[in-house]
Each structure stands twice: as C-alpha cells, then as structure tokens.
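Visitor: I am attaching a structure below and will ask some questions about it afterwards.
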Amino acid sequence: MNFLFNYLRRLTFLLLIYTSSRVYFYLNNIDSFINSFDNATLIEFIEGWRFDISALVYINIPLLVLLLFPTNLRKKNGFIRFTNIFFYALNIPFIILNNIDIEYFRFTQKRSTVDFFQLLQLGEDAKNIIPQYIKDYWPITLFTIIQVWFLLKIKHIPKTTIALNAKSILSGILIFIIGGGIFILGARGGLQLKPIKPINAGELSGSQNTALILNTPFCILHSLDDKPLETYNYFKPKKLNQIYSPIHLHINDLRQGITKKNIVILIMESYSKEFVGFYNNGIGYTPFLDSLMQHSLVFTNAYANGLKSIEALPAITASIPNLMDNPLITSSYAQNNFESMASLLNKEGYNTSFYHGGMKGTMGFYSFSKKAGFTDYFGMQEYNNADDFDGSWGIYDGPFMQYFANGLNVKKEPFFSTFFSLSSHPPYTLPQNYSKELYKKGKLKEIGIRETISYTDYSMRDFFLKSKKQKWFKNTIFIITADHTSGENYNTKYKNRIGRYAIPLIIFSGDSSLQGINSNIVQHIDIMPTVLELLNYNKPFFGFGKSMFSEKSWAIHFLQNEYRLITDSSIITNKAEVYRSFSDWNTSKNNELNYDDTQLLKAIKQDYNNRMLNNKLLNEN
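Each position in the sequence shown, counted from 1, maps to that position plus 112 in our numbering.
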C-alpha cells in the first residue's frame, strides 16, 4: 500500500500548490471580485478544493492506472524513473497554465479554456509572446519556478513487488478498490447527482467570483471536447453596432423609476404550439390555457431558441440563445459573466426565486439559477414529500404548483419568480388519483405527451384559481411559454424544420391591462427585454434579444452547424458560409436572398461569437 499512500501524498502536495496559486490569483486580481477577503471568500477558497481535486485526479489518471497495474516491474529502477518523469510531465504543464491566468485573467475576466491554445496558434506570435510574458511578469515566473522546485523534491514512488500469493492478490484488489474510489469521488467532485462542471462554481457566489473557485486545468480539461467558436469579422465595430446591438436602454419620459410589478414566468415542459387549442382552431389539450388566452396578450409567431430545456433557461431568463454546439450551461463559456432578469431586479429590491420540482442537479438548473442571481431555489429537496414523486424526474406538477403558489403568498413584494414544470417530460406518468378519475370517465386509455399536457394544464388552472384570491395577483404580470417543443408531432403543419420550434407565448396581467393579438416574430431571448420594458426599467442592460413590441421582427436558432434566421420576408439559413433563403417552413421553396436579412444574420453571428470568446456579456463591455 506504500505506493498508494505516496500517490495520495503527491496529490495532497499538488493541492497545496494549486491553493497557493489561488491565493496569488486572488491577490493579483482582487479588484475583479465582489468582496474583499472575508468569511465568504474563505468559503470560496474551500469550495475551490473540489475543483482542484477533480482536476488533479483527471490529470493523474494515467499514473494511477500505471501504478495499480499488478506487475513486478515496480521493483525495477527504470520503471521507477519512468513513473517519476511521467508524473512531472503530467503535472508541470498544468501548473504553468494555472499560473498564466494569474495575469491573463485581467484581460479575459475568465479562466482560460481550450480556446487559449487557439490564440497562441503555435506560430511566430507564440515565440515572441511567451518570452515576453516570462520577462514582463517575472514574479509569476519566479513563483512558478519555486512551485516546480518543491514538486521535484517530493519523495519518489518507492519500489514495490507483487508476490503471487493469496495475501498479495487480496491486497492488490483492496488497493484497486481504494484507488478506484479515490478516482470516482475525486473526479466527480463529490457525491452529488452529476459530476461538477464549470457552471457549478457559480452556486456559491453567483457570476462574478466563479473564476476564484475554478482553476485553469479544470476548465481546460472540461472544454477539450468543445469545438471552439469561430471569430467572425464581417463588420467593423461601428457598422456592427448600426446593424445589431445587444445593449438596450428603454426610456419612458412619462414615468420616473421602475414600475414594481411582480413578474412570474411559467416555463412549461414540451408545450408545443400544436397542443394549444387557441392556436389550432380549438383543437388541443389545454382548455384552461385557451380560456386564459382570451384575456391575455397572445403572440402568434413565437419560437424557441433551442430544442432542449438546458438551452431554454439561459434564453428566457438571461436573453442568451444557444448558437453553438454545446449548451451554454455545460460549455467552456459557462463561467462567463452575464446579466439576467434576476440579477438586474435584485438591485431594484425584488425578491427573486426559481422553482423546479426536480432533483437539485437536474440539467444544471440549480447551478445556473445561482449564477444568474436568483436568491432562492426551490426543488424536490425543499418540497420534501416523496409521496408526490413521479418516480423519474421529480414532483408532479399539480402539488408542486400549489407549493409554488403558497411560496408566492409569503413573499415580500415586488417579486420575480420563475417556475419550470416537468410532468410532460417522458417517461410520461400521471398521479394515481388524477389518472383513476380519467379512467372512470373513459377519457384515458394510455398515458402519453397529450395526456400529460392536459394534466399540467389542469394543474395550471388550480394554480391560477388559488393565486387569483391573493392580494398580489392584480399587481402581477405572468409570462407563459414552453421550454421547447415535444418532438412528437401529430399536426402536419408543424412537421418541418421551423414548426419544430413553434411554441406558445402569452403575457397575462392580473389587472387585465395586457390583451390582444401580436403577430410579430418573437422568441425566448425577447422575454427579458420585453419584461424590463413593461417594468419601465430605464437603465442600460445586455441581452441578445429585442423587445417583442419593437419594429424589429426576427427569431434565430442553431442546429447541427446551421443558423436559421426567421424574418417577416423569409427564412435565411447559413452553413459553412453558404447563405440561402426560403419562403416556407419546410425550407424547400427557394427565395431571393434579402440583403438586410443576410446582414442581420452576419451581425448576430459576429457579435455572439466574439462576445462569448471575450467574455463580454455585460452592458459595460
């Protein structure tokens, strides 16, 4: 067991090296973090050990496998020398990369990922930049040399032999189990539902201090399978800003200050537009929602920006679409600083909360909600009643919506709260009492997406019946939409490339002040700018969308390396820099390319990629 203890001792020493780098990183960039050193910062340092250990375990997996392999080679001097050289070769480069960010963070405001190597290009620039960096930032260079020197002083892995007897075999099995346990627990970052990712660093401190908790090796390792975003240079900055800008400022001269209405967003799982009777001549599965839409502002040309729940949440709450291969929450850009409705409204005295009946690690919702600035999170653990568990995802919509209503009743106004349903997600199940009643009435033969949609609609009805009795109701604006469509199409109208993104989008005001039909082309990322306009928010803010009341009318999504821009005049697609125009949802009828639409798509591409790459998702940037 000596070599295993030696292995753990080396990891512990490396953990101390990473901790010392975090201290230097903090002191060198202290102005970039929210607070000066206090108890919260100390907790962030401790939380950082999870990410350090995870990175160190991943980096040293090859060494662990080598040492666990039962062979008498371990008593050979040559093998010992090789393993020690191998150890240094694995770890020293990552120590250097970790320390480069001590200074480089000043320019990027994020931990480096695999895109860092793109910048170097391994060409003449690298030959010039690296020596200059070593010279200009000599304290960091000296600090790194000292760390490496101490690492080289670690006692070498001792010689060991494996005898072919029962005792040695059992010992080897025990060592393998212990070593495997160290790997699994350390690499996952704990016993939580899913292994930690960069987005998890925002759970404690929100957006601004995530870089303090993270380390550069962890971020690089978790971005290796990311295809780096391409840099576009279609337009110079001035021209780009004229065509498209994500910086917004709503000004209403008739009012002063924000109108502090409550905001409630209901994100309904898989609520395709085709399931809503209001949109389909009364043919649908949402009788309550249909009735509510008679007294609401209804958008008839609304689209999701993605096809996954994990893509919908940033789009709806922070106006960030997913125009890349990986969802933002799991990508290397998850550590970027950004604004959201929660973070902006927090500053205006709002109570902010996020409700989702699933387990805390589901789809990264908890991590994102904390990074986005939601003060409170309520999920399956907080609900704390296993009797209402659906057996798969979490708490049935009916009881959890009642829990949501009860929660709103005790919140101090004004509040902003987002609810994410789950019962209409496969595998489809219904509460026993609800399904029994339907069976008795002969209205249920099997449980599928349509039946669960109806159940959630029923649950929504009970939520509104309860909420309508409360004092806060008339001072509340409700936004109801889907996270995405279901993928189960029964209406041929929606069985195409664009119909696959068609969703309901409704704004209902408790005081009945918002009603009518709006035919503008709108999307998830438009919700945040629209809500802030309704609140008369008169400060500049960042969001890739636009107000749904503006003269601009477009929606965008990205799938399999193809951009699709939906406008009043056509559907523009772009893949591999080939631009095409279509006049139908099937994208089968060619259309003449509209110059302005093409320019807009290019501008969105350029602005999105460059801001993601350079961590410029804030209005001051």
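Quick reminder that beta carbons are idealized off the backbone N, C-alpha and C, glycines included. Quick caveat, the model's predicted, so the values are computed rather than measured.
Check whether the Cβ atoms of V388 and P616 lie closer than 8 Å to each other.
Guide: In contact: V388 and P616 (Cβ atoms closer than 8 Å).
Visitor: Are I619 and S665 close, meaning C-beta to C-beta below 8 Å?
Guide: No. Outside cutoff.
Visitor: One question on the structure: do I432 and F656 come within less than 8 Å of each other, judged by their Cβ atoms?
Guide: Cβ atoms of I432 and F656: closer than 8 Å.
Visitor: Return helix, strand or coil for R573, following the three-state DSSP convention.
Guide: If DSSP states are grouped into helix, strand and coil, R573 belongs with the helices.
Visitor: Classify G611 as buried or exposed, calling it buried when 16 or more other Cβ atoms lie within 10 Å of its own Cβ.
Guide: G611 is buried by the Cβ-count criterion.
Visitor: Given that a residue counts as buried once 16 or more other Cβ atoms are within 10 Å of its Cβ, and exposed if not, what is A498?
Guide: Label assigned to A498: exposed.
Visitor: Where does K548 fall in DSSP's three states?
Guide: In this structure, K548 counts as helix in the three-state DSSP scheme.
Visitor: Can you look up N141 in the DSSP assignment and give me helix, strand or coil?
Guide: Coil.
Visitor: In three-state terms, what does DSSP make of W666?
Guide: Strand.
Visitor: For Q221, which of helix, strand or coil comes out of DSSP?
Guide: Q221 falls in the coil class under three-state DSSP.
Visitor: P310 and H334 look like a contact to me (Cβ under 8 Å); what is the Cβ gap, rounded to whole Å?
Guide: P310 to H334, Cβ: 6 Å. Contact.
Visitor: With DSSP run on the structure shown, which of helix, strand or coil describes I258?
Guide: DSSP places I258 in helix when its eight states are reduced to three.
Visitor: Would you mind stating whether F163 and N327 have Cβ atoms separated by less than 8 Å?
Guide: Yes.
Visitor: Quick one: residues in its chain with C-beta nearer than 7 Å to the C-beta of K728, no 5 flanking neighbours on either side, listed in chain order?
Guide: Taken in chain order, the list of residues that qualify is empty.
Visitor: Count the other CB atoms, across all protein chains shown, that sit within 10 Å of the CB of G560; report buried if there are 16 or more and exposed otherwise.
Guide: With fewer than 16 other Cβ atoms within 10 Å, it is exposed.
Visitor: Would you mind working out which of P251, S536, Q672 sits nearest S421, comparing C-alpha positions?
Guide: Comparing Cα-Cα distances from S421 to each of P251, S536, Q672, the minimum goes to S536.
Visitor: Using only alpha-carbon positions, find the residue among E525, I257, G476, Y691 that is nearest to K372.
Guide: Taking only the C-alpha atoms, the option nearest K372 is E525.
Visitor: To test your reading of the DSSP string, which unbroken beta strand (DSSP E) runs of 3 or more residues are found completely within the region 586 to 631?
Guide: Counting only runs of 3 or more, we get 588 to 594, 617 to 621.
Visitor: Are at least three pairs of beta-carbons, each pair with one atom in the region 509 to 516 and one in the region 563 to 578, less than 8 Å apart?
Guide: Judged by Cβ distances under 8 Å, the region 509 to 516 makes contact with the region 563 to 578, as three or more pairs qualify.
Visitor: Count the CB pairs spanning the region 191 to 206 and the region 337 to 349 that are closer than 8 Å, and state whether there are at least three.
Guide: With a cut-off of 8 Å, the region 337 to 349 and the region 191 to 206 do not count as touching, because too few Cβ pairs lie within range.
Visitor: Please confirm whether Y467 and S529 have their CB atoms less than 8 Å apart.
Guide: Contact: yes.
Visitor: So the beta strand (DSSP E) N686 belongs to, where does it begin and stop?
Guide: Its beta strand (DSSP E) spans residues 683 to 687.
Visitor: Would you list, in sequence order, the uninterrupted alpha helix (DSSP H) runs of no fewer than 4 residues that lie entirely inside the region 482 to 506?
Guide: If we require 4 residues or more, the alpha helix (DSSP H) runs fully inside the region 482 to 506 come out as 492 to 495.
Visitor: Specify the secondary structure class of G360 as computed by DSSP and reduced to three states.
Guide: First, the residue type needs correcting, since residue 360 is His and not Gly in the sequence shown. Residue state, collapsed to three classes: strand.
Visitor: Take every Cβ of the region 626 to 643, pair it with every Cβ of the region 434 to 449, and state whether three or more of those distances are shorter than 8 Å.
Guide: The answer is no - the region 434 to 449 does not touch the region 626 to 643, with fewer than three Cβ pairs under 8 Å.
Visitor: Quick one: what does DSSP say A414 is sitting in, helix, strand or coil?
Guide: In this structure, A414 counts as strand in the three-state DSSP scheme.
Visitor: What do you reckon, are the CB atoms on F480 and P399 nearer than 8 Å?
Guide: Not a contact, by the Cβ cut-off of 8 Å.
Visitor: So, is E423 buried or exposed, given that buried needs 16 or more other C-beta atoms within 10 angstroms?
Guide: Buried, by the Cβ-count rule.
Visitor: What residue does the beta strand (DSSP E) around I432 start on, and which one ends it?
Guide: Here I432 belongs to no beta strand (DSSP E), and DSSP marks it neither H nor E.
Visitor: Alpha carbon to alpha carbon, what distance is there between E663 and N417?
Guide: Whole-angstrom Cα-Cα distance: 20 Å.
Visitor: Of the choices V522, I142, N726, G298, whose alpha-carbon is the least far from that of K583?
Guide: That would be V522, whose Cα lies nearest to the Cα of K583.
Visitor: Assign N210 to buried or exposed, taking buried as 16 or more other Cβ atoms, counted over all protein chains shown, within 10 Å of its Cβ.
Guide: N210 is buried by the Cβ-count criterion.
Visitor: So what does DSSP say about V690, is it helix, strand or coil?
Guide: In this structure, V690 counts as strand in the three-state DSSP scheme.
Visitor: Among L378, P205, A299, which one has its Cα closest to the Cα of V169?
Guide: Of L378, P205, A299, the residue nearest in Cα terms is A299.
Visitor: Once DSSP output is grouped into helix, strand and coil, what is the label at I332?
Guide: In the structure shown, I332 sits in a helix (DSSP, three-state: H, G or I).
Visitor: Three or more C-beta pairs under 8 Å: does that hold for the region 693 to 701 against the region 637 to 649?
Guide: With a cut-off of 8 Å, the region 637 to 649 and the region 693 to 701 do not count as touching, because too few Cβ pairs lie within range.
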